[in-house]
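In what follows, a single structure is set out as structure tokens and then discussed.
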Amino acid sequence: MFSRKRDGAKFIVTAELGRLARWLRILGFDSIFFDRAKKKDIVIESLREGRIILTRDSRLSRFSGIRMIRIMSDFVKEQLEQVIRVLHLKPDRANIFTRCTECNTPIVKLYDKEALKAKIPPYVYKTQKEFMRCPGCKKIYWKGTHYDLAKDFLTSIKI
Ligand SMILES: [Zn+2]
Numbered sequence: 124m125f126s127r128k129r130d131g132a133k134f135i136v137t138a139e140l141g142r143l144a145r146w147l148r149i150l151g152f153d154s155i156f157f158d159r160a161k162k163k164d165i166v167i168e169s170l171r172e173g174r175i176i177l178t179r180d181s182r183l184s185r186f187s188g189i190r191m192i193r194i195m196s197d198f199v200k201e202q203l204e205q206v207i208r209v210l211h212l213k214p215d216r217a218n219i220f221t222r223c224t225e226c227n228t229p230i231v232k233l234y235d236k237e238a239l240k241a242k243i244p245p246y247v248y249k250t251q252k253e254f255m256r257c258p259g260c261k262k263i264y265w266k267g268t269h270y271d272l273a274k275d276f277l278t279s280i281k282i
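In terms of our numbering, the sequence shown is residues 124 to 282.
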């Protein structure tokens, strides 16, 4: 039960860590990205939604009652390793690529491939079978080369 709860960790990622936010989403973690927000807004949102703040800004730690991880590395891979290590997360393979990397919305499977024909490159239409769509920003996903690259990246993470 406890590990389930931890694996459902939700995050707020501050502006300088945009790539980290994308990778957390790829792993299936609910991660909102705060672009130009004031520190106070980040803290309020964190408390309201029970989100852990990921930031490089040590000044945020002066707010009490928040859960925060100060990210140390400049490299996204090490940043991701730090978060996984500190929170003892066990990313579930079944959750990989279930969330939109652009806007964090859970993506849904598309069954009507025909309807996509005009929206995707012909080669992709011909070679891919499975498509997903983000109900939020309407981005369309398929398991192309980026999918394999992402899997390689995740396999290479040292935790
Ligand atoms: Zn989206």
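All C-beta atoms in this analysis are idealised placements derived from N, C-alpha and C, irrespective of residue type, glycine included.
- For Lys281, same chain residues with a beta-carbon under 7 Å away, outside a window of 5 residues either side, are Glu204 in chain order.
- Out of Ile263, Gln251, Leu170, Ile175, the CA that lies nearest to the CA of Val231 is found in Ile263.
- For Arg174, the secondary structure class from DSSP, reduced to helix, strand or coil, is coil.
- Near ligand 1, meaning a beta-carbon closer than 6 Å to one of its heavy atoms, we find Cys223, Glu225, Cys226, Thr228, Cys257, Gly259, Cys260, Lys262.
- Counting only runs of 3+ residues, the beta strand (DSSP E) found wholly inside the stretch 216-262 occupies 231-233, 254-256, in chain order.
- In the DSSP annotation of this structure, the continuous segment of the alpha helix (DSSP H) that includes Arg142 starts and ends at 141-149.
- The stretch 138-154 makes contact with the stretch 214-225, as at least three CB pairs between them are under 8 Å.
- Ranked by Cα distance from Ile194, the options Gly141, Tyr234, Cys260 are led by Gly141.
- Nearest C-alpha to Leu143 among Glu172, Ile175, Val199, Val166: Val199.
- Within the DSSP bridge table, the entry for Thr137 names Phe157 as partners.
- Thr137 is the residue among Leu210, Thr268, Ser187, Thr137 whose C-alpha sits nearest the C-alpha of Arg159.
- For Arg193, there is no enclosing alpha helix (DSSP H); the residue is part of the beta strand (DSSP E) that begins and ends at 191-193.
- Shortest Cα-Cα distance from Thr228 to any of Asp153, Ala132, Glu139 involves Asp153.
- With fewer than 16 other Cβ atoms from the protein chains shown falling within 10 Å of its own Cβ, Ala238 counts as exposed.
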